[in-house]
Every structure is written in C-alpha cells, then in structure tokens.
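In the working numbering, the protein residues as written are 14 to 347.
Ideal placement from N, C-alpha and C gives every residue a C-beta, glycine not left out.
Right, one structure below, let's go through it.
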Amino acid sequence: MRRQPYPTVLKPYGRALVDLARTRPEILCLTGDLTRQTEVDLFQEEIPERFIHAGMAEANMISMAGALARRGFLPFVHTFGVFATRRPLDQIINSVAYPRLPVRIVGFMPGVSSPGGPSHQAIDDVALMRAIPNMTVVDVADATQIRAALPAIADLPGPVYLRLKRGEIPVIFDGDHEFSLTKAEVLNEGGDLAIIASGMMLPAAVSAADTLGAAGIGVTVVNVAVIKPLDTETVIRTVSTVSAVITAENHSVIGGLGSAVAETMAEAGLGRPLRRVGLRDTFAEGARTPPFLFKKYGLGTQDIVDRAWELLHRNGPPPQVPVTEAAAGEYAPV
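So this is what it looks like as structure tokens:
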C-alpha cells in the first residue's frame, strides 16, 4: 500500500465498466442526465447500442432498470448518490430489492465530498441502503479497488449500491491488491486503538495512524469496503485486541459504518469505548471546495487523532498531523 500524497487517475470507473461490458453483453448502462459527471460518457462513446439516457427522472430510471433485469439484462444505473438513493427509494425497494433483481446502483459524490449543499450531499445513502433487505453496500477507497470491485459485484445475487468519489481518484493500493466482498482488510496492526474506515476516509485513517504511531500509540487500521454485509468476524477479532475503537466515514454517524460497528460490538458483548468520526446529526452547508467541509464538520485527519487522544486519556495536547502538500495529479487526505 502506498503512502500520501497519492497519485491520481481520471475516470477509473468509466474505463472499468467499458472493459467489463465488452466481456458481458448483458450489461446495460443507464444514466440520469449525468453522463460525463458519472464517467459513463466513455460507455456512450464506445458501446452506444447498450447506453440508455433516462433523463432527470431517477424513479422511472430505477423502475426501468428493474424491468430490464427481469428480461435477463444486468443494468448499471448512474447518478449522484443523493439522487440514486433518496429520491427513488420506493422504486428501489419495490422494483429492485423486493424481487431481488441484479441492478447495480452507482452513486457518485458521497457525503460532504460535494460542495453543493444539502440537495446534493449524500449523507444518508449508506443508512438508507443498509436498511433494505437483499441490498449489498460497497464503499471503495481508491482506483485499484474500483477496478477490482466491478467484476466482483457483477454476479452477486440481488441489487448492489456502489458508492464512488467523483473527479480525480487516488491510487492507494498496488495493482496486485486483492478485493474481497466478504472480508475487511487489516492494513496495520497495533494493540492500543482500532480505526475502522470506509471509502474516502481511508487515507485520513492511515495518516492518523502514522501520526499516532509516531507518538507511541499502536493502531490497527481496518478498511471496510463492503459495509453490508459487514465482515463481523474481522470487526470482532480486531476490537477484541485493542482498548478503544474509532470509526471514520464520509456520511452521517447515524445508520452508516459507525452504527454497523457499534451494533456488532454490542451484540458480541465487547465493551470498548467507541467514537464515530463522521457528520453529526446535521445537514452540511455548501462551500467552494470539499476540504473546507471536511474540516468544518470534523471529518479530517486531525479530528481522528484528536478523538483517539481523548479516547485513550493521553496527557497533554494531541500530536499535530503534518501537512502534506499535494501537487497537480496527487491527492492528500484533509
């Protein structure tokens, strides 16, 4: 695994979908009037006969995808995360999840990665999708995982919600990285604290672990790419070996990764202090850039370090996270 600043690539999802579709003639690509913004302009250019522009009518698009799945197709549906989940929720439940149809719902711009304010910020998408029976929820961290996740989810029974960052995507993992739909990844091991992270928060979790490690705190970092079904075995084994736990997610702390980990700990009878780093019970505001929002709402690397210091009852001020300058074509966590 690389360390920050990470190199970035453009449109890894769009290229991976085209590559997969060339070997899978049943794949169809649907978009809700956000073709270029969800990287499927590549699909439209290269396989136009299997590209469907559904317009700005997400509920109808989901119902259409369900009908196509009944006819033996494998529809991939694309829009921003908030429009992929909150707006067509009834259609997702009744037209896709209840009949357990193989529709792949791909939501871009998760959490406060969108500077567009509450109308465009998918802060509850994981919670909504977790609550739906038959739904698999995937929140990948980098371009390598994106490329590996697509063939992995292609043959899963039932629907899948895939959560993706938009824009320049970091390359955190090496090309030989193995993606698993059933196992969370333990990236680092230490006996004091576990940081369990998903999606865009993984780079911040790794950076926080480095800063805490330099201060003498042993940190285990767990990357949870599949939030549902959660790999409870790895969570329980990890939590059992540490004194405290932090979850980190670009999402509300209600109903997402933090809730899933807390539920697992409670059911297993594991009494460890837990802090959830994520958006508190609030809507975020709009901003010129996403990093401002990550800092304002407590989703930065320093926030993870501060929570860890407090949780472990360490004396003195918490260590400060070194500032990493990211050049053009590079990505560093907030």
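Helix, strand or coil at residue 21 [DSSP, three-state] = strand
Could you check the C-alpha separation between residue 20 and residue 341 for me, to the nearest Å?
-> 9 Å
With a threshold of 16 other CB atoms inside 10 Å of the CB of residue 107, please say whether the residue is buried or exposed.
-> exposed
Could you give the DSSP three-state label for residue 149: helix, strand or coil?
-> strand
Starting from residue 65 and walking both ways along the beta strand (DSSP E), at which residues does that stretch end?
-> 64-66
Those residues which DSSP pairs with residue 121 across a bridge = 93 and 177
Residue 241 by DSSP, collapsed to three states: which one?
-> strand
Since residue 224 is in the beta strand (DSSP E), which residue starts that stretch and which ends it?
-> Element bounds for residue 224: not the beta strand (DSSP E) but the alpha helix (DSSP H), 215-227.
Buried versus exposed, by CB contacts within 10 Å (16 or more), residue 103 | exposed
Over the uninterrupted beta strand (DSSP E) stretch that includes residue 262, give me the two end residues.
-> 257-265
Who does residue 182 pair with in a DSSP beta bridge?
-> 22
Helix, strand or coil: how does DSSP classify residue 351 here?
-> Look at the range of the chain in this structure, 14 to 347, and you will see that residue 351 is not part of it.
Are the Cβ atoms of residue 141 and residue 115 separated by less than 9 Å?
-> no
Coil, strand or helix - residue 271 by DSSP = helix
From residue 89 to residue 215, what does the alpha carbon distance come to, in whole angstroms?
-> 26 Å
Among residues of its own chain, excluding the 5 on either side of residue 324, which ones have a beta-carbon nearer than 6 Å to its beta-carbon?
-> 257, 286 and 288
From the DSSP output, which residues share a beta bridge with residue 43?
-> 65 and 90
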